[in-house]
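Remarks on the structure that follows.
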Ligand code: NAI
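Numbering (our numbering), first residue to last: 13 to 353.
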């Protein structure tokens, strides 16, 4: 197999980015099919990217014997069922976080993966493929900052994209599941420890709409792991300045900071407002290279017949922690995480 033939489902905010990258920028794959229920948009994207097969029904796409692998970038609640369908048709699967909207749904995905050990299954935690996060991870593993004491992480969408963010909100799963899963994954990835207790808090500071989904527009989590590593994370939907993802890892021998200023380049602007740097205005431009890198890794895993480092169990674990944070936010208490059930 020289080039992987990929079919992709979901052509929304992130689905289009993945489709574009696969069609134009990733040499190991060929985008041969697209699926979305929005037919006009589907046809327009297929024409733009020169993709020969289009489907409005996911299973129909999976029946196509000329497709080797499927990328799932549809609404989160659909992921477990689509994972099962794709794998039952013998397709390798890459899917976007989160794994599922309930633990039971995550277990459905786990059993599909366990039933198909020869198929490659990869979860899209793209921060693990961003050059700065990879550098931080390598330094931590080399012991450069000693033992991790605290991971502090901010994930903010910009207010400039609030219209799309609000449209996405009903099927996002909420801030804890949709945004904080990335930060929760980083805590587990950097420390190798398992979160043991969490306290989720938050509120609606500007967009009351979020109350109808039992959510806040800005939320935070305090978390402690089984080896005492601490974490604090903050997720917000409407930052005034731009798309802001900042992470700090404080260790016993030093600290690492990633993107303390969320600026795409080294430019500083001197004008009537003073001296300033511009910020990323959307998540797609911030993570563009990481999105390419993760799909490249997915292709390499299939071609080299090896499984990726990140597993389906990482998907269930982060989802389990995120749900517990949401529960904690809803009842206003710190909660332990039950790893037995
Ligand atoms: P979106 O709402 O912008 O797009 C969803 C797309 O799926 C739409 O085009 C819609 O027509 C299509 N769709 C809905 N039901 C469908 C069905 N039954 N069959 C086929 N297509 C269907 O959503 P967005 O923001 O692109 O998110 C998609 C997934 O990607 C979500 O799971 C989200 O959590 C994840 N995501 C991950 C990010 C990351 O940085 N890793 C960033 C943004 C989203």
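Just so you know, even glycine gets a beta-carbon here, dropped at the ideal spot from N, CA and C. Given the structure is predicted, the values throughout are model-derived calculations rather than measurements.
Check: residue i C-beta below 8 Å from any heavy atom of the ligand PLP
| i | result |
| --- | --- |
| residue 143 | What this structure holds is the ligand NAI, not the ligand PLP. |
Residue of the options minimising C-alpha distance to residue i
| i | options | result |
| --- | --- | --- |
| residue 130 | 138, 62, 80, 265 | 80 |
| residue 61 | 49, 27, 93 | 27 |
| residue 53 | 21, 148, 311, 331 | 21 |
| residue 194 | 317, 226, 63, 326 | 326 |
| residue 267 | 66, 196, 137, 151 | 151 |
| residue 310 | 84, 67, 66 | 84 |
| residue 275 | 282, 264, 315, 298 | 298 |
| residue 77 | 110, 137, 102, 315 | 102 |
| residue 264 | 229, 203, 225, 256 | 203 |
| residue 205 | 189, 192, 239, 232 | 239 |
| residue 271 | 317, 334, 143 | 143 |
| residue 111 | 75, 56, 190, 126 | 190 |
| residue 33 | 307, 113, 139 | 307 |
| residue 294 | 252, 114, 65, 45 | 252 |
| residue 330 | 74, 115, 31, 149 | 115 |
| residue 257 | 296, 241, 178, 222 | 296 |
| residue 37 | 300, 314, 346 | 300 |
Beta-carbon proximity check, residue i vs residue j, cutoff 9 Å
| i | j | result |
| --- | --- | --- |
| residue 17 | residue 47 | no |
| residue 212 | residue 337 | yes |
| residue 118 | residue 269 | no |
| residue 273 | residue 234 | no |
| residue 254 | residue 303 | no |
| residue 260 | residue 165 | yes |
| residue 369 | residue 246 | Because the chain here runs from 13 to 353, residue 369 falls outside it and cannot be looked at. |
| residue 86 | residue 70 | yes |
| residue 341 | residue 214 | yes |
| residue 344 | residue 180 | no |
| residue 108 | residue 91 | yes |
| residue 196 | residue 182 | no |
| residue 230 | residue 250 | yes |
| residue 95 | residue 125 | yes |
Exposure of residue i, with buried meaning 16 or more beta-carbon neighbours within 10 Å
| i | result |
| --- | --- |
| residue 14 | exposed |
| residue 51 | exposed |
| residue 285 | exposed |
| residue 278 | exposed |
| residue 353 | exposed |
| residue 287 | exposed |
| residue 217 | exposed |
| residue 121 | buried |
| residue 147 | exposed |
| residue 68 | exposed |
| residue 187 | buried |
| residue 282 | exposed |
| residue 224 | exposed |
| residue 220 | exposed |
| residue 200 | buried |
| residue 56 | exposed |
| residue 158 | exposed |
| residue 170 | buried |
| residue 139 | buried |
| residue 127 | exposed |
| residue 321 | exposed |
| residue 30 | buried |
Supposed close pair residue i, residue j - CB separation, criterion 8 Å
| i | j | result |
| --- | --- | --- |
| residue 133 | residue 105 | 5 Å |
| residue 357 | residue 243 | In this structure the chain extends from 13 to 353, so residue 357 is not present and cannot be described. |
| residue 63 | residue 98 | Going by Cβ atoms, the distance from residue 63 to residue 98 rounds to 18 Å, so no, they are not a contact pair. |
| residue 334 | residue 237 | Wrong, their Cβ atoms sit about 15 Å apart, outside the cutoff. |
| residue 241 | residue 160 | 5 Å |
Uninterrupted alpha helix (DSSP H) stretches inside the stretch 161 to 237 (no shorter than 4 residues): 174 to 180, 187 to 190, 192 to 203
Completely contained alpha helix (DSSP H) runs for the stretch 299 to 353, where each covers 4 or more residues: 324 to 343
Pick out the complete alpha helix (DSSP H) segments inside the stretch 90 to 136, 4 residues or longer, and give them in chain order. 91 to 100, 115 to 127
Give the list of continuous alpha helix (DSSP H) stretches no shorter than 4 residues that lie fully inside the stretch 40 to 86. 51 to 61, 70 to 75
Could you tell me which whole beta strand (DSSP E) segments of length 3 or greater appear in the stretch 248 to 307? 256 to 263, 267 to 270, 281 to 283, 286 to 288
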